[in-house]
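>
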Amino acid sequence: MYGNDGLLGEVEAAEEALRDAAGRQVSGSEGLEEYFTAVIEADQKIEPRDWMPDSYRKTLIRQIAQHAHSEIIGMQPEGNWISRAPSLKRKAILLAKVQDEAGHGLYLYAAAETLGVSRDELVQMLLEGRQKYSSIFNYPTLTWADVGAIGWLVDGAAIVNQVPLCRCSYGPYARAMIRICKEESFHQRQGYEILHTLAHGTDGQKALAQDSVNRWWYPSLAMFGPPDADSTHSAQSMAWKIKRFSNDELRQRFVDMCVQQAEVLGLTLPDPDLRWNEERQAYDYTQPDYDELKRVISGDGPCNRQRMAHRRGAHAEGAWVREAAAAYAKKRSR
Ligand SMILES: [Fe+2]
Ligand SMILES: [Fe+2]
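Okay, so the sequence shown: first residue is 8 according to this note's numbering, each after it adds one.
1. Along the alpha helix (DSSP H) that carries R251, what are the first and last residues, could you check?
2. Below 7 Å, is the gap between the Cβ of E37 and the nearest heavy atom of ligand 1?
3. Along the alpha helix (DSSP H) that carries D291, what are the first and last residues, could you check?
4. Measure the CB-CB distance between T148 and N87 and report whether it falls below 8 Å.
5. Starting from N87, trace the alpha helix (DSSP H) both ways and give me its first and last residue.
6. Does the distance from the CB of Q106 to the CB of W159 come in under 8 Å?
7. Whole angstroms are fine: how far does the CA of N145 sit from the CA of C310?
8. Give every residue of the same chain whose Cβ lies closer than 6 Å to the Cβ of E190, excluding the five residues on either side of it in the sequence, and list them in chain order.
9. Check for me: the beta strand (DSSP E) holding W384 runs from which residue to which?
10. To the nearest angstrom, how far is it from the Cα of M8 to the Cα of Q268?
11. For G178, which option in R282, Q217, K248 has the closest C-alpha, if you only look at C-alpha atoms?
12. Return yes when the Cβ of I89 is within less than 8 Å of the Cβ of Q197, no when it is not.
13. Once the 5 residues before and after A119 are set aside, which same chain residues still bring their CB inside 7 Å of it?
14. Using 8 Å as the threshold, is the region 158–172 in touch with the region 313–328, meaning 3 or more CB pairs across them?
15. With a CB to CB cut of under 7 Å and the five nearest residues on each side skipped, what residues in its chain are close to A289?
16. Could you pull out every unbroken alpha helix (DSSP H) segment of at least 4 residues lying fully inside the region 296–320, listed in chain order?
17. Between the Cα of M184 and the Cα atoms of L113, R312, S62, which residue gives the shortest distance?
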């Protein structure tokens, strides 16, 4: 039992809604701004050709770029284990998973480009530290079990965060998210399966799995961002239907999902105060350390410097490939 079938169902429903929306027309609104508002209110999609407020465009560029950067930087912690995977099968699966993340980065850079920025500019902003990526990738992968915990918890949190984005008001982002969520769901299952195997292996393997869940639990909870009371961008993003649920709502949904799954794994979540609250019909849990989150976001996590140094190095080493590809494209167009 994995527990994300419900989430996949939501992805499919969003895909259907997207197709329905394409056939409908929003009418009776004159003026660009009125049209924009009417489209959002009718749950239709804003497309690249449509007028949109500057701040809507900027918010989306920031969010999509940050998301794309996270996919690319997120290849590093797991890439670290490709050469040390415990079997050929595990190695092939992990290789495919890390490649999927590269693909996610590319869909997302392409979605951002529809808003009038170039991928080059966005990559430059990442390299210069002017745009961020998810804080979670600044934690180290110390053991093979971490590949399991990342799949289960980090990809799991990513899905919970991203499923509502399949209904985002901006068409290209919503479409990219549908495709990405389907793949993320597979990532989550592969991580879960690694942990399940370890948790049902020797005592040593079980201890490895437990240690890894202990280390990744709170950083995963922090992936949903600061608590609602301190979240600066949320209200406007909700009104624009870019965001559909608050940080705390999504975090709660993730906790409730994980408790059930941890039981099946036979592992414990490292929170002594985790218990069912009959009144709220949800689990009470300990909040992650938001000061730590702030520190990691501002550059002071265990691996921030290493991740950025690696990305800069890879970008520099790939310069000749980009030049050759551009030269070839130019030649073809002549
Ligand atoms: Fe991804
Ligand atoms: Fe993933």
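From the three backbone atoms N, C-alpha and C, an ideal C-beta is built for every residue, glycine too.
Owing to the predicted nature of the structure, the values given are computational and were not obtained by experimental measurement.
Working from what's here:
1. Run containing R251: none; DSSP gives neither H nor E here.
2. Because no heavy atom of ligand 1 lies under 7 Å away, the Cβ of E37 does not count as near it: no.
3. Counting along the chain, D291 falls outside any alpha helix (DSSP H), though it belongs to the beta strand (DSSP E) covering 289–291.
4. yes
5. Per DSSP, N87 belongs to no alpha helix (DSSP H) and is neither H nor E.
6. no
7. 5 Å
8. D107
9. This structure cannot settle anything about residue 384, because the visible part of the chain is limited to 8 through 341.
10. Note that M8 has pLDDT 41, beneath the 50 cutoff, so the model's placement of it is unreliable and no number is given.
11. The shortest C-alpha separation from G178 is found at K248.
12. no
13. I68, I71, A72, A75, L129
14. no
15. So the list reads Q259, D263, once near-sequence residues are dropped.
16. List check, alpha helix (DSSP H) in window: 297–302.
17. L113
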